[in-house]
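Start counting the sequence shown at -10; every next residue gets the next number (the working numbering). First comes the structure, then the notes that go with it.
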Amino acid sequence: MAVCRVLRHSLFRPPAESLFLVWLYRPETWWTQSRGSGVAYARTAGRAAGAAGDRVPEPDDSGDLRRTDPSCPCFQRRAGGGALVDEYDKPVLDNPGRPEVAREIRDALRNLYSVIKDSDAHIRFAMLTGVSKFSKVSLFSGLNNLNDITVDMRYSAICGYTDADVDSVFAAELPGLDREEIRRWYNGYNWTGDPVYNPFDLLLLFQKREFRPFWFETGTPTFLVDLLTARHTFTPDLERLVALESLLSSFDVDHIPTEALMFQAGYLTIDSVRRLPGLMQMTLRYPNQEVRSSLNGALLQVLTHDPVRYGIHVPRLYDLLLANDFPAMQALFTAFFASIPHDWYRNNPIARYEGYYASVFYSHFAALGLDIRLEDTANHGRIDMAVLFNGHVYLFEFKVVELVPEGKALEQLERRGYADKYRDRGEPIHLVGVEFSKEARSVVGFETRSMCP
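And the structure:
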């Protein structure tokens, strides 16, 4: 048996609308269980199968499929058939903020999936698709012989289009579209093989003929954003998370590791793999421009508690970068922090987190989709943030004045010669030292120095 977790953006719907489709043996012999609608679907299938002389099992009034009579002919005919279960985890994922409901649904699903295990002698192949990998103990206690192919190189491209697919199958759609922009926006998902494009985005791009975050727009990941802020996640770290494969494969209602949730839901993908004796360590990254910009935009709206102001400041920052207007840039961020109500700082724990100010700063640039290098290694240390934009290089150093003396941010950029790494680009380099104060809740220092090529 095999299980493949399909890239998908979860839509939040009440459990009454959840639908499971299990295809047994042939297309006309299938049954469904769905709260509120399962009987109707089962009867439709029953009429189709009835013409062939079979009776398709229906759930009883309690909805318990385990009570299905195993002697039913449809379970005995055509031995060696197949079973397909699509979105096996959706009912659980639809209730991220209600763990008690999620646990109840999980237990019901455990009974459902054990039917497949009980019919193992009659099933030649079974495939389950979904977003997350729940532990076999929590969801598959009865179905414990699954083979997870999510990061199996042989199957790495089954959930998306490769570069070769785009250039051949969609060749007629490419004229008029920047090929490199297509790659930057929608390519990059990697499961230890060839990188693939998000098919949902690509098909809509060819129809709409404009670059937009189509996949992200299907539903804002509110639960994920709330989780990241509640855990005081330093947003620049999302560009460079490192985790063991075992952690990324763990997921349960009562404990959801941040790395696992973001990886399994499609917001992070594999950048590199380091194989150790008995272990596999993975470095994660954003897959592409769409996810990086859209997720940081959503995070920024929560970090600032002002979606309207976010929509004004981010485009304004882009204009100031084009003009290299650093005094106006300082005024922009100072005004931005000053506009946040005092009560929000007092009532929101994340505002007391030291990385909050740098996270807000970083997310502005990330939301613009700029070329950002974080913790870039130089000869004498690591640069907090490098931004490459419009033929210019911007090197940023962030400090909190309660932790270090004022004026140290720019001094460190100069003293450690961070600009040397970028001199061979032949572009103007701008050193920007930014200092924050937790007490003042704002930018209190913004020094710059520009160097010609």
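We put the beta carbon where it would ideally sit given N, CA and C, even for glycine.
Whole angstroms are fine: how far does the CA of L82 sit from the CA of G208? For the purposes of this step, residue 208 is taken as the residue at position 219 of the sequence shown. For the purposes of this step, residue 82 is taken as the residue at position 93 of the sequence shown. Cα-Cα distance, rounded: 14 Å.
For C148, count neighbouring Cβ atoms within 10 angstroms of its own Cβ and tell me buried if that reaches 16, exposed if not. Taking the sequence shown and counting its residues from 1, the one referred to as residue 148 is at position 159. Under this definition C148 is a buried residue.
DSSP three-state call for L213: helix, strand or coil? The residue you call residue 213 lines up with position 224 of the sequence shown. L213: helix per DSSP, three-state reduction.
Where the alpha helix (DSSP H) containing A398 begins and where it ends: Counting from 1 along the sequence shown, the entry for residue 398 is found at position 409. Residues 397 to 404.
Residues in the same chain with beta-carbon distance under 7 Å from S352, minus the five sequence neighbours each way, listed in chain order, please. Mapped onto the sequence shown, residue 352 falls at position 363. Same-chain partners within the cutoff: T224, N285, L288, L289, L292.
Beta-bridge partners of Q319, as assigned by DSSP: Residue mapping note: residue 319 aligns to position 330 of the sequence shown, counting from 1. DSSP, once it has assigned bridges, lists no residue as partnering Q319.
Consult DSSP for S26 and reduce its assignment to one of helix, strand or coil. Numbered from 1 along the sequence shown, position 37 holds the residue referred to as residue 26. Legend: pLDDT at S26 = 32, less than 50; position of this residue unreliable, value from coordinates given subsequently. Note: S26 maps to coil in three-state DSSP.
Contacting residues, own chain, Cβ-Cβ under 8 Å from M317 (five flanking each side not counted): Position 328 of the sequence shown, counted from the start, is the residue given in the question as residue 317. As written in the sequence, residue 317 is Ala, which differs from the Met given in the question. The residues are L309.
Thinking just about the alpha-carbon of each residue, which of L359, G358, D373 is nearest to the one in D365? As a first step, residue 365 must be located in the sequence shown, where it is residue number 376. When only C-alpha atoms are compared, the closest one is D373.
Top-ranked residue by Cα proximity to S261, from R412, N179, A408, T118: Your numbering for residue 261 matches position 272 in the sequence shown. Residue N179 is the option with its Cα nearest to S261.
Of the residues L98, L402, I245, Y175, which one's Cα is nearest the Cα of L213? Within the sequence shown, residue 213 is the residue found at index 224, counting from 1. It is I245.
Suppose you measure from the CA of L237 to the CA of Y275; what does that come to, to the nearest Å? As a position in the sequence shown, residue 237 is number 248, starting the count at 1. As a position in the sequence shown, residue 275 is number 286, starting the count at 1. Going from the Cα of L237 to the Cα of Y275 covers about 15 Å.
Every unbroken beta strand (DSSP E) inside the segment 235 to 269 [3 residues or more]: 258 to 265
How is the alpha helix (DSSP H) around L191 delimited, first residue to last? For the purposes of this step, residue 191 is taken as the residue at position 202 of the sequence shown. 188 to 197 is the extent of the alpha helix (DSSP H) around L191.
7 Å Cβ shell around L363 - same chain, five flanking residues per side excluded: Position 374 of the sequence shown, counted from the first residue, corresponds to residue 363. Hits under 7 Å: P225, E228, R229, M374.
In this structure, how does DSSP classify R371 when only helix, strand and coil are distinguished? Within the sequence shown, numbered from 1, the residue matching residue 371 stands at position 382. Correct three-state label for R371: strand.
DSSP bridge partner residues for G70 (one or two, in chain order): Translated into the one-based positions of the sequence shown, residue 70 becomes position 81. Answer by DSSP bridge pairing, in chain order: I112.
Could you pull out every residue in the same chain whose Cβ sits closer than 8 Å to the Cβ of V231, ignoring the five residues on either side in sequence? As a working mapping, residue 231 is identified with position 242 in the sequence shown. The residues are Q270, M271, T272, L273.
Identify, in the order they occur along the chain, each residue of the same chain with its Cβ nearer than 6 Å to the Cβ of Y346, setting aside the five sequence neighbours on each side. For the purposes of this step, residue 346 is taken as the residue at position 357 of the sequence shown. If we look at Y346 and ignore the five residues flanking it on each side, its Cβ neighbours are F425.
Residue from T139, S439, S103, R99 with nearest C-alpha to F252: For the purposes of this step, residue 252 is identified with residue 263 of the sequence shown, where counting begins at 1. Taking only the C-alpha atoms, the option nearest F252 is T139.
Compare the beta carbon distance of Y307 and L357 with 8 Å and say whether it is the shorter of the two. Taking the first residue of the sequence shown as 1, we reach residue 307 at position 318. Taking the first residue of the sequence shown as 1, we reach residue 357 at position 368. It is a contact, given that the beta carbons lie within the stated cut-off.
Output needed for A429: all residues of its chain with C-beta closer than 8 Å, excluding positions within five of it in sequence on either side, in chain order. On the sequence shown, residue 429 is found 440 positions in, with the first residue counted as 1. Once the five neighbours on either side are set aside, A429 has no close Cβ partner at all.
N- and C-terminal bounds of the beta strand (DSSP E) containing H302: As a working mapping, residue 302 is identified with position 313 in the sequence shown. From DSSP, H302 is part of no beta strand (DSSP E) but of the alpha helix (DSSP H) over 296 to 312.
Who are L363's beta bridge partners in DSSP? For the purposes of this step, residue 363 is identified with residue 374 of the sequence shown, where counting begins at 1. Answer is M374.
Quick check on the burial criterion: 16 or more other C-beta atoms within 10 angstroms. Buried or exposed for F9? Against the sequence shown, residue 9 aligns to sequence position 20. Low per-residue confidence applies at F9: pLDDT is 36, beneath 50, and the placement is therefore not dependable, though the value from the model is reported in the following sentence. Buried, because 16 or more other Cβ atoms sit within 10 Å of the Cβ of F9.
DSSP state of R438 mapped onto helix, strand, coil: Translated into positions along the sequence shown, residue 438 becomes position 449. Strand, per DSSP.
Buried/exposed call for E170, threshold 16 Cβ in 10 Å: Taking the sequence shown and counting its residues from 1, one reaches residue 170 at position 181. Classification of E170: exposed, given that the 10 Å Cβ count is below 16.
Applying the 10 Å Cβ sphere with the 16-neighbour rule, what's the burial state of K197? Indexing the sequence shown from 1 puts residue 197 at position 208. The residue in question, K197, is exposed, as its Cβ has fewer than 16 Cβ neighbours within 10 Å.
Just the C-alpha distance for V158 and R220, rounded to the nearest angstrom, thanks. For the purposes of this step, residue 158 is taken as the residue at position 169 of the sequence shown. For the purposes of this step, residue 220 is taken as the residue at position 231 of the sequence shown. Cα to Cα, the separation comes out at about 43 Å.
Decide if E199 is buried, meaning its Cβ has at least 16 other Cβ atoms within 10 Å, or exposed. Residue numbering aside, residue 199 sits at position 210 when the sequence shown is read from its first letter. E199 is exposed by the Cβ-count criterion.
Taking 8 Å as the cut-off, decide whether the C-beta atoms of V432 and T323 are in contact. Taking the first residue of the sequence shown as position 1, residue 432 is located at position 443. Taking the first residue of the sequence shown as position 1, residue 323 is located at position 334. Yes, they are a contact pair.
Am I right that V74 and L117 are in contact with their C-beta atoms under 8 Å? What's the rounded C-beta distance? For the purposes of this step, residue 74 is taken as residue 85 along the sequence shown, with counting starting at 1. For the purposes of this step, residue 117 is taken as residue 128 along the sequence shown, with counting starting at 1. Contact flag correct, Cβ pair sits at about 4 Å.
Can you tell me where the alpha helix (DSSP H) holding L82 begins and where it ends? One-based indexing of the sequence shown puts residue 82 at position 93. Run containing L82: 79 to 82, per the alpha helix (DSSP H) assignment.
Would you identify the three-state DSSP class for L233, choosing helix, strand or coil? Position 244 of the sequence shown, counted from the first residue, corresponds to residue 233. The answer is strand: DSSP assigns L233 an E or B state.
To the nearest angstrom, report how far apart S145 and L257 are at their CA atoms. Residue mapping note: residue 145 aligns to position 156 of the sequence shown, counting from 1. Residue mapping note: residue 257 aligns to position 268 of the sequence shown, counting from 1. Cα to Cα, S145 sits roughly 15 Å from L257.
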